[in-house]
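Residue numbers (the numbering used here), protein chains in the order written: chain A, 415 to 577; chain B, 547 to 718.
Remarks on the structure that follows.
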Amino acid sequence: MPTPTYIPLQTITLGSAASSVTFASIPQTYRDLVLVAVALGSTTLQGRVRLNSDSGSNYSSVRMSGNGSSSTSASLASQTSGSISTIATATTGGALQVELQIQDYSATDKHKTMLSRADQSATGAEAFAVRWASTSAVTSVQILTSTGNWAVGGTFSLYAIEA
Amino acid sequence: MQAIQTVTVGSGGASSIEFSSIPGTFTDLKLLVSARTTGTGQTWQLINVLPNGVTANRSQRYLAGLGSGVDNTSGNELQAWGSSASSTSNTFGSVAIYIPNYLSSVAKSLSIDSVTENNATAALQLLTAGFWNDTSAITSLELTLNSGNFAEHSTATLYGILAGSDGTTTVT
Numbered sequence: 415m416p417t418p419t420y421i422p423l424q425t426i427t428l429g430s431a432a433s434s435v436t437f438a439s440i441p442q443t444y445r446d447l448v449l450v451a452v453a454l455g456s457t458t459l460q461g462r463v464r465l466n467s468d469s470g471s472n473y474s475s476v477r478m479s480g481n482g483s484s485s486t487s488a489s490l491a492s493q494t495s496g497s498i499s500t501i502a503t504a505t506t507g508g509a510l511q512v513e514l515q516i517q518d519y520s521a522t523d524k525h526k527t528m529l530s531r532a533d534q535s536a537t538g539a540e541a542f543a544v545r546w547a548s549t550s551a552v553t554s555v556q557i558l559t560s561t562g563n564w565a566v567g568g569t570f571s572l573y574a575i576e577a
Numbered sequence: 547m548q549a550i551q552t553v554t555v556g557s558g559g560a561s562s563i564e565f566s567s568i569p570g571t572f573t574d575l576k577l578l579v580s581a582r583t584t585g586t587g588q589t590w591q592l593i594n595v596l597p598n599g600v601t602a603n604r605s606q607r608y609l610a611g612l613g614s615g616v617d618n619t620s621g622n623e624l625q626a627w628g629s630s631a632s633s634t635s636n637t638f639g640s641v642a643i644y645i646p647n648y649l650s651s652v653a654k655s656l657s658i659d660s661v662t663e664n665n666a667t668a669a670l671q672l673l674t675a676g677f678w679n680d681t682s683a684i685t686s687l688e689l690t691l692n693s694g695n696f697a698e699h700s701t702a703t704l705y706g707i708l709a710g711s712d713g714t715t716t717v718t
């Protein structure tokens, strides 16, 4: 029998611009989480993730990015949220698309690791590895902007995966 | 996530792989491909991705790791990449394409990850940001090659993903 995967938990569609969206009270009965976001920024912005509303300096990340003509790689340590995209713009071309995987989210014996793939055809393609330095089980996921808002119509869907 | 259809290329190969009549009952689509082609020369070959069989209004930007350096390119195509007949025997490239909101009446974003396999330095890994500037719902997906065929034992499986119920708009 196939293992259930991409079990839908919740979708949030923005009826008004917002600087963050929050998935709360996440059930602890699965292995991994996948968040799929499709959104434009109200201005050029970066996407961020915060777990369990933890705004301490507990996030680090490393990324590689390409904009079609050049590539960059960078790392960030001791951040108050994790970086999951650097490329969202308000262009009317394709929206920013982010697939964020949160591994072993309900474990209490390890720091949480996340993988993010971010794409916007007008700006580029990126991949991130993110660590949240906490052994707490993840009970909420917040997707923030570095500045400005996610535009009206943005969709954010959270899925669970069983091992 | 539910498997919609798997295509397995038989002996003699196939010039294209097509998923037609995609049901309109999901939110997102995910296509996983194991691809080797009969092309020769380089150890990889591009695969054209055609939503609804259409070549117009497609664009992409990608970041590629070549095994020895990187490449950045943009253009009016939508491409994935597979291993070729010049790759190590029995190796196949892997492709994952994610298409959110495939039924929407606005332009579509696509995320494409490609890895070619070759037991040598020359192989590709690509992160591709794709865009199809068309308001039509996606009802079919076609993969084509500019030359040659998909080799026997290549496979492609299309999955449908249904999002959860729409939650209350959160504004903070």
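Cβ atoms here follow ideal geometry from the backbone N, Cα and C, with glycine treated the same way.
No experiment lies behind these values; they were computed from the predicted model shown.
Just curious, the beta strand (DSSP E) that residue i is in, first and last residue?
| i | result |
| --- | --- |
| E623(B) | Taken as a continuous stretch (DSSP letters only), E623(B) belongs to no beta strand (DSSP E), as it is neither H nor E. |
| S580(B) | D574 to A581 |
| G371(A) | Coverage of chain A is limited to positions 415 through 577, which leaves residue 371(A) absent and any answer about it impossible. |
| V641(B) | G639 to I645 |
| G706(B) | T701 to I707 |
| I563(B) | S562 to F565 |
| W678(B) | Q671 to W678 |
| S614(B) | Looking at the DSSP string, S614(B) is not in any beta strand (DSSP E), and its letter there is neither H nor E. |
| A488(A) | S485 to Q493 |
| K654(B) | K654 to V661 |
| G599(B) | Where G599(B) is concerned, there is no enclosing beta strand (DSSP E), given that its DSSP letter is neither H nor E. |
| R531(A) | K526 to Q534 |
So residue i contacts chain B; which residues on that side make the cut at Cβ distance below 9 angstroms?
| i | result |
| --- | --- |
| M478(A) | L609, G611, V616 and L673 |
Just to check my reading of the structure: residue i and residue j have Cβ atoms closer than 8 angstroms, yes? What is that Cβ distance to the nearest angstrom?
| i | j | result |
| --- | --- | --- |
| A543(A) | V476(A) | 5 angstroms |
| G628(B) | I593(B) | 6 angstroms |
| S686(B) | E564(B) | 7 angstroms |
| A551(A) | T527(A) | The Cβ separation is near 14 angstroms, so there is no contact. |
| S535(A) | Q460(A) | 18 angstroms between Cβ atoms; not a contact. |
| T690(B) | L596(B) | 6 angstroms |
| A675(B) | S650(B) | About 18 angstroms separates the two Cβ atoms, so there is no contact after all. |
| L572(A) | F437(A) | 5 angstroms |
| S561(B) | N695(B) | 5 angstroms |
| P422(A) | L708(B) | 6 angstroms |
| L609(B) | S485(A) | 6 angstroms |
| S655(B) | V452(A) | 6 angstroms |
Are the C-beta atoms of residue i and some chain A residue less than 9 angstroms apart?
| i | result |
| --- | --- |
| V717(B) | Reliability of the predicted coordinates at V717(B) is poor, the pLDDT of 36 falling under 50, and the value obtained from them is presented with this limitation in mind. It does; some Cβ of chain A falls within 9 angstroms. |
| N679(B) | yes |
| A683(B) | no |
| L670(B) | no |
| N647(B) | yes |
| S580(B) | no |
| T714(B) | Reliability of the predicted coordinates at T714(B) is poor, the pLDDT of 43 falling under 50, and the value obtained from them is presented with this limitation in mind. So, interface residue. |
| T496(B) | Past the edges of chain B, shown from 547 to 718, lies residue 496(B), and the structure says nothing about it. |
| G628(B) | no |
| G676(B) | yes |
| T701(B) | no |
| S711(B) | yes |
Note down the Cα distance separating residue i from residue j, rounded to an integer number of angstroms.
| i | j | result |
| --- | --- | --- |
| S483(A) | V566(A) | 30 angstroms |
| L558(A) | G599(B) | 37 angstroms |
| V661(B) | I645(B) | 18 angstroms |
| G639(B) | D659(B) | 11 angstroms |
| S367(A) | R462(A) | Here chain A comprises residues numbered 415 to 577, so residue 367(A) is not present and cannot be evaluated. |
| G568(A) | V652(B) | 12 angstroms |
| W590(B) | G429(A) | 44 angstroms |
| S474(A) | L490(A) | 5 angstroms |
| G570(B) | Y705(B) | 12 angstroms |
| V435(A) | A642(B) | 27 angstroms |
| S693(B) | R531(A) | 30 angstroms |
| S492(A) | Q442(A) | 27 angstroms |
| R545(A) | Q625(B) | 31 angstroms |
| H699(B) | T549(A) | 44 angstroms |
| T634(B) | T425(A) | 44 angstroms |
| N481(A) | I501(A) | 9 angstroms |
| I550(B) | Y648(B) | 14 angstroms |
| V450(A) | T573(B) | 11 angstroms |
| T458(A) | T584(B) | 43 angstroms |
Counting only Cβ pairs nearer than 7 angstroms, list the residues of chain A close to residue i.
| i | result |
| --- | --- |
| G587(B) | Those do not exist, as G587(B) stays about 25 angstroms from chain A at its closest Cβ, beyond 7 angstroms. |
| I754(B) | Chain B is shown only over 547 to 718; residue 754(B) falls outside these bounds and no answer can be derived. |
| T619(B) | G482 |
Could you name the residues of chain A that residue i contacts, counting a contact when the two beta carbons are closer than 8 angstroms?
| i | result |
| --- | --- |
| Q606(B) | S535 |
Check the Cβ of residue i against every Cβ in chain B and list those closer than 8 angstroms, keeping chain order.
| i | result |
| --- | --- |
| E576(A) | Per Cβ cutoff of 8 angstroms: no residues; E576(A) is ~11 angstroms from chain B at best. |
| V452(A) | P646, N647 and S655 |
Is there a Cβ of chain B sitting closer than 9 angstroms to that of residue i, yes or no?
| i | result |
| --- | --- |
| L572(A) | yes |
| N466(A) | no |
| A541(A) | yes |
| R531(A) | yes |
| S485(A) | yes |
| V463(A) | no |
| G562(A) | no |
| G470(A) | no |
| A565(A) | no |
| G455(A) | no |
Whose Cβ in chain B lies nearer than 7 angstroms to the Cβ of residue i?
| i | result |
| --- | --- |
| Q511(A) | P646, S655 and S657 |
| T569(A) | N647 |
| G508(A) | A653, S655 and F677 |
Quiz item: In chain order, what residues of the stretch 418-449 of chain A put their CB closer than 7 angstroms to some CB of chain C?
Solution: No chain C appears in this structure, whose protein chains are A and B.
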